[in-house]
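S.K.: Mind having a look at this structure? Questions to follow.
There are 2 protein chains.
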Amino acid sequence: MTDISLEDRGFTLGHGLFETVLWADDALYYWDAHLERLDRGCQVLGLPSPQPEAMHRAALVALEAAGRPERAAVRLNWSAGPGARGLDPPTDPHPVLTATAAAVATPKGGATLVIARGVRRNDRSPAARLKSLSYLDNVLARAEARETGADEALMLNTGGEIACAAAANVFWVEGDRLCTPALDCGVLDGIMRAKVLESASRGGLEAREIRADSAKIHAAEAIFLTNSLIGLRPVGRLDGKTFAPGAAISRLSDMLAAFV
Amino acid sequence: MTDISLEDRGFTLGHGLFETVLWADDALYYWDAHLERLDRGCQVLGLPSPQPEAMHRAALVALEAAGRPERAAVRLNWSAGPGARGLDPPTDPHPVLTATAAAVATPKGGATLVIARGVRRNDRSPAARLKSLSYLDNVLARAEARETGADEALMLNTGGEIACAAAANVFWVEGDRLCTPALDCGVLDGIMRAKVLESASRGGLEAREIRADSAKIHAAEAIFLTNSLIGLRPVGRLDGKTFAPGAAISRLSDMLAAFV
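For the protein sequence lines, the chains are A and B, in the order given.
So the numbering used here is basically just the index in the first sequence, starting at one, shifted up by 1311.
So the numbering used here is basically just the index in the second sequence, starting at one, shifted up by 1311.
This is the structure in structure tokens:
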């Protein structure tokens, strides 16, 4: 585990990307999807893409260093690398690949969510879709949720539409339909989000990417969060309203598990 | 110059702050104002404030390491320090102070500006006012400006109002009045911005903090940028329109120089 130079733009400016990959059953889950997302991010950020082999090697080294846990989060950082003072990148950027790994448990029970009031997602920035090293808005949203005793914050975009949670995507059930905010609402382009949409479509379940305000999600039958580490986690409370998602979510979960 | 740990939240999440202080005439300009802004930022970010003495020492060590240039930018980083995986900070945060310094020249001539189209400032985040380690939106705006051959990007907020440049605040002259966007337009709380407003008021010049769209600034008599390093720099072009700010800006510049 190397350190990061004080002149790395990943540190000084948050100019870089990361991926969080689930290690379980001796495998790196959805590895190709993570690499593809990182590639798309590199295009937005003006960075060359990392070598897939180097990424894989870094992931395995980090897992070994962490004692090769049975179930782990592997975090791969692709920071923009050293640069001179100021915002302009060097003409020939040399991004830096680093990786860490840590054991993770599957969270138990339903998540408690609140809608963040003090910070919104910037749907007018391409960075909103990316797992970037500039994650301060997410940190602030999560802190706000924790202050109220909640597990996680649901973030609105600057227009007041639902976007995603601070560290997860959000889905809800309306009748027989699965809904999730469209990517251009300022939504993180989640790997598990895409897998759920794909699985729903293969399973013959109607799933829609929509624009919705908070009234819409408050009225939902059931809500769940997704990300690469938790997979699919039901929401038990949102803004003080209780959801008893048991039946709906476990039906969905079973259905999706067959495909995801 | 130490390195940054891979587990520092300043690196992993952009959770931290920085200050860029001008060193010239053997002095650190507006030192107290920089410390006060950092303090305000710490409150927003849930971090303890650094010790002023430690900050000062770090600045001087960085200047020595850089060969004690006559005119330099001293960058002080106050990153949130090590944390476990995920967004939640440790209950007892230990921020990390680091500093670098580099010689800087005063830019010559008028700046060429374009309004960034691909990214806007998040006026719905308290981070917009801060010099934070999550500066990716600014990096993207600047890159867009450079692609068109401009020096700097003028950023709008998500409502389409003028906010500030990627690395400077913006002022313009309307008749005998100085205007600048109000802080709640998503504006960086610039040290030099505050000094100019204060100086104008002491000099008996009307200066207003307003909300304005781009038509307003296109119609200005003169435009200038401010930050701690450049002081006050006239804008020669904005979106292809030429400004010949000579008289207006040098009058202002002289007037403000007496106070700033």
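Here a beta-carbon is modelled for each residue, glycine too, at the ideal position from N, C-alpha and C.
Every value quoted in this text rests on a predicted model; they were computed, and no experiment measured them.
#1: Below 7 angstroms CB to CB, which residues in the same chain sit around proline 1363 of chain B once its five sequence neighbours on both sides are set aside?
#2: Round the Cβ separation of leucine 1333 of chain B and tyrosine 1340 of chain B to the nearest angstrom and send it over; I've been treating them as touching at under 8 angstroms.
#3: My assumption, with CB atoms under 8 angstroms, is that isoleucine 1502 of chain B sits in contact with alanine 1344 of chain B. Please give the rounded CB distance.
#4: Asparagine 1433 of chain B by DSSP, collapsed to three states: which one?
#5: Where does phenylalanine 1482 of chain A fall in DSSP's three states?
#6: Going by other Cβ atoms of all chains shown within 10 Å of its Cβ, with 16 needed for buried, is lysine 1552 of chain A buried or exposed?
#7: With a threshold of 8 angstroms between beta-carbons, can leucine 1549 of chain A be considered close to chain B, or not?
#8: Below 8 angstroms on C-beta distance, what does threonine 1409 of chain B contact in chain A?
#9: Name the chain B residues that come within less than 9 angstroms of alanine 1477 of chain A, Cβ to Cβ?
#10: Could you tell me which chain A residues have their CB closer than 7 angstroms to the CB of aspartate 1314 of chain B, listed as they occur along the chain?
#11: Kindly indicate the opening and closing residues of the alpha helix (DSSP H) around leucine 1447 of chain B.
#12: So valine 1450 of chain A contacts chain B; which residues on that side make the cut at Cβ distance below 7 angstroms?
#13: Please give the ranges of any beta strand (DSSP E) in the segment 1320 to 1354 of chain A, keeping only runs that are unbroken, at least 3 residues long and fully inside the region.
#14: Flag leucine 1499 of chain A as yes if its beta-carbon sits less than 8 angstroms from any beta-carbon of chain B, otherwise no.
#15: Given this structure, state the Cα-to-Cα distance separating proline 1437 of chain B from proline 1361 of chain A, to the nearest angstrom.
#16: Is the Cβ-Cβ distance between glycine 1352 of chain B and leucine 1451 of chain B less than 8 angstroms?
#17: If we count the other Cβ atoms within 10 Å of its Cβ and call it buried at 16 or more, is valine 1372 of chain B buried or exposed?
#18: Rounded to whole angstroms, what is the Cα-Cα separation between valine 1546 of chain B and leucine 1563 of chain B?
#19: I'd like the list of long-range same chain contacts for alanine 1384 of chain A, defined as Cβ closer than 6 angstroms, with 5 residues on each side in sequence excluded.
#20: Could you check whether the segment 1389 to 1404 of chain B touches the segment 1452 to 1461 of chain A, counting it as contact only if at least three pairs of C-beta atoms, one from each stretch, sit closer than 8 angstroms?
#21: Who are the neighbours of lysine 1438 of chain A on chain B, taking C-beta pairs under 8 angstroms?
#22: Closer than 8 angstroms, CB to CB, is threonine 1423 of chain A near chain B or not?
#23: Output yes or no for whether 8 angstroms exceeds the beta carbon distance between asparagine 1468 of chain A and arginine 1504 of chain A.
#24: Please report the distance separating the alpha-carbon of arginine 1513 of chain B from that of leucine 1536 of chain B.
#25: Can you tell me the Cβ-Cβ gap for arginine 1382 of chain A and alanine 1335 of chain A, rounded? I've got them flagged as a contact below 8 angstroms.
#26: When you compare only the Cα positions, how much space is there between glutamate 1532 of chain A and proline 1492 of chain A?
#27: Quick one: does arginine 1519 of chain A have its CB under 8 angstroms from some CB of chain B?
#28: Among A/Glu1517, A/Gly1470, A/Asp1434, A/Ala1464, which has the Cα closest to the Cα of glycine 1497 of chain A?
M.R.: If we stick to the structure as given:
#1: Within the second sequence, numbered from 1, the residue matching residue 1363 of chain B stands at position 52. Here the set comprises Leu1346.
#2: The count along the second sequence starts at 1 and reaches residue 1333 of chain B at position 22. The count along the second sequence starts at 1 and reaches residue 1340 of chain B at position 29. Right, the Cβ-Cβ distance comes to about 4 angstroms (below 8 angstroms), so this counts as a contact.
#3: In the second sequence, the residue the question calls residue 1502 of chain B occupies position 191. In the second sequence, the residue the question calls residue 1344 of chain B occupies position 33. So it is a contact: roughly 5 angstroms between Cβ atoms.
#4: Within the second sequence, the letter at position 122 stands for residue 1433 of chain B. Secondary structure of asparagine 1433 of chain B (DSSP, three-state): coil.
#5: Locating residue 1482 of chain A in the first sequence gives position 171, where the first residue counts as 1. Phenylalanine 1482 of chain A: strand per DSSP, three-state reduction.
#6: Translated into positions along the first sequence, residue 1552 of chain A becomes position 241. The residue is exposed, with fewer than 16 neighbouring Cβ atoms inside 10 Å.
#7: Sequence index remark: in the first sequence, residue 1549 of chain A carries index 238 (1-based). Chain B contact via Cβ: absent.
#8: Within the second sequence, the letter at position 98 stands for residue 1409 of chain B. Here the neighbours are Leu1317.
#9: The residue labelled residue 1477 of chain A in the question sits at position 166 within the first sequence. Going along chain B in sequence order, the residues near alanine 1477 of chain A (Cβ under 9 angstroms) are Leu1398.
#10: Here the question's residue 1314 of chain B lines up with position 3 in the second sequence. Chain-ordered, the chain A residues with CB closer than 7 angstroms to the CB of aspartate 1314 of chain B read Asp1314, Ile1315, Ser1316, Leu1317.
#11: Translated into the one-based positions of the second sequence, residue 1447 of chain B becomes position 136. Counting along the chain, the alpha helix (DSSP H) containing leucine 1447 of chain B begins and ends at 1447 to 1458.
#12: Taking the first sequence and counting its residues from 1, the one referred to as residue 1450 of chain A is at position 139. Within 7 angstroms Cβ-Cβ: Leu1324, His1326, Leu1398.
#13: 1327 to 1335
#14: To locate residue 1499 of chain A, count along the first sequence from 1; it is residue 188. It does not: the Cβ of leucine 1499 of chain A has no partner Cβ on chain B nearer than 8 angstroms.
#15: The count along the second sequence starts at 1 and reaches residue 1437 of chain B at position 126. The count along the first sequence starts at 1 and reaches residue 1361 of chain A at position 50. One C-alpha to the other measures close to 33 angstroms.
#16: Walking along the second sequence from the start, residue 1352 of chain B turns up at place 41. Walking along the second sequence from the start, residue 1451 of chain B turns up at place 140. The answer is no: Cβ separation not under 8 angstroms.
#17: Numbered from its first residue, the second sequence carries residue 1372 of chain B at position 61. Valine 1372 of chain B comes out exposed.
#18: Within the second sequence, the letter at position 235 stands for residue 1546 of chain B. Within the second sequence, the letter at position 252 stands for residue 1563 of chain B. Rounded to the nearest angstrom, the two C-alpha atoms are 14 angstroms apart.
#19: Numbered from 1 along the first sequence, position 73 holds the residue referred to as residue 1384 of chain A. The answer, listed in chain order, is Thr1331, Ala1413, Val1415, Leu1540.
#20: Yes, the segment 1389 to 1404 of chain B is in contact with the segment 1452 to 1461 of chain A.
#21: Numbered from its first residue, the first sequence carries residue 1438 of chain A at position 127. In the sequence as displayed, the identity of residue 1438 of chain A is alanine instead of lysine. Within chain B, the residues near alanine 1438 of chain A are Val1430, Leu1447, Asp1448, Leu1451.
#22: Within the first sequence, numbered from 1, the residue matching residue 1423 of chain A stands at position 112. It does not: the Cβ of threonine 1423 of chain A has no partner Cβ on chain B nearer than 8 angstroms.
#23: As a working mapping, residue 1468 of chain A is identified with position 157 in the first sequence. As a working mapping, residue 1504 of chain A is identified with position 193 in the first sequence. No, the pair does not count as a contact, with Cβ atoms beyond the cut-off.
#24: By one-based count along the second sequence, residue 1513 of chain B stands at place 202. By one-based count along the second sequence, residue 1536 of chain B stands at place 225. Computed Cα separation, rounded: 20 angstroms.
#25: By 1-based counting over the first sequence, the position of residue 1382 of chain A is 71. By 1-based counting over the first sequence, the position of residue 1335 of chain A is 24. Yes, arginine 1382 of chain A and alanine 1335 of chain A are in contact; Cβ-Cβ is about 5 angstroms, under 8 angstroms.
#26: The sequence position of residue 1532 of chain A within the first sequence is 221, counting from 1. The sequence position of residue 1492 of chain A within the first sequence is 181, counting from 1. Roughly 16 angstroms between the two C-alpha positions.
#27: Start at 1 with the first residue of the first sequence, and residue 1519 of chain A comes out as number 208. No, its Cβ sits nowhere closer than 8 angstroms to a Cβ of chain B.
#28: Against the first sequence, residue 1497 of chain A aligns to sequence position 186. Per the Cα distances, A/Asp1434.
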